[in-house]
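Notes follow the structure.
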Amino acid sequence: MTAFRIHCLDHGRAVLAAARESGKPVTLVSPQASQAGIGWWRELVRRLRGDFPDLAFNAVLDCGPAAGLALAGIRAGMGPVRLNVDAPILAKIASIAEQAGSWAETGGEDALDLLGVPDPASRCREALGF
Numbered sequence: 171m172t173a174f175r176i177h178c179l180d181h182g183r184a185v186l187a188a189a190r191e192s193g194k195p196v197t198l199v200s201p202q203a204s205q206a207g208i209g210w211w212r213e214l215v216r217r218l219r220g221d222f223p224d225l226a227f228n229a230v231l232d233c234g235p236a237a238g239l240a241l242a243g244i245r246a247g248m249g250p251v252r253l254n255v256d257a258p259i260l261a262k263i264a265s266i267a268e269q270a271g272s273w274a275e276t277g278g279e280d281a282l283d284l285l286g287v288p289d290p291a292s293r294c295r296e297a298l299g300f
């Protein structure tokens, strides 16, 4: 599954339009350390799910090193969270996320960052192989 780091509604729409065209699954990843906050990410994802109701996609809240932010995201029903923390902390947060019907993961370097990309739609299509 190809992951894209998005920073605005237009980025999300570009990714999801390309995913629909290609038929390939995608994951949307919030800005690193969820710079804009949980509420912003929740609303962005809600709007994208409304714009693309027929398209299944993951939306991951990137919490960087902030375990507290990850826990708040899980409590808020944000779905999966991504952290850059030590393994014991990740294991505890992953257990909490699993109990909430979600998951926690580490990483984030693999997401294609659309910040500053002059033509996100073309870049998304290219990344998805068409």
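Under our numbering, residues 171 to 300 are what the sequence shown spells out, in order.
Backbone N, C-alpha and C fix where the C-beta goes; we use that ideal spot for every residue, glycine too.
Keep in mind that this is a model prediction, so the values were computed, not measured.
- Boundaries of the beta strand (DSSP E) harbouring Leu198: 196 to 199, taken from the DSSP string.
- Counting only residues of its own chain and dropping the five nearest sequence neighbours on each side, Asp280 has a CB closer than 8 Å to the CB of Ala173.
- With a contact defined as Cβ atoms closer than 8 Å, Val230 and Leu198 qualify at about 7 Å.
- Setting aside the 5 residues that flank it on each side, Gly243 is surrounded in the same chain by Ile208, Leu231, Val251, each with a C-beta closer than 6 Å to its C-beta; the list follows chain order.
- Beta-bridge partners of Glu268 (DSSP): none assigned.
- Counted as a single uninterrupted DSSP element, the alpha helix (DSSP H) harbouring Asp221 occupies residues 208 to 221.
- With contacts defined by Cβ atoms closer than 8 Å, Ala291 and Ile263 do not form a contacting pair.
- By the Cβ neighbour-count rule, Trp210 is exposed, with fewer than 16 other Cβ atoms within 10 Å of its own.
- In this chain, Leu231 is not harboured by any alpha helix (DSSP H); it is covered by the beta strand (DSSP E) spanning 228 to 232.
- In this structure, Arg183 sits away from Leu225, with a CB-CB distance that is not shorter than 8 Å.
- Scanning its chain for C-beta atoms nearer than 6 Å, with the 5 sequence neighbours on each side dropped, one finds around Phe300 the residues Ser192, in chain order.
- Taking 8 Å as the cut-off, the beta carbon of Arg212 is found no closer than this to the beta carbon of Met171.
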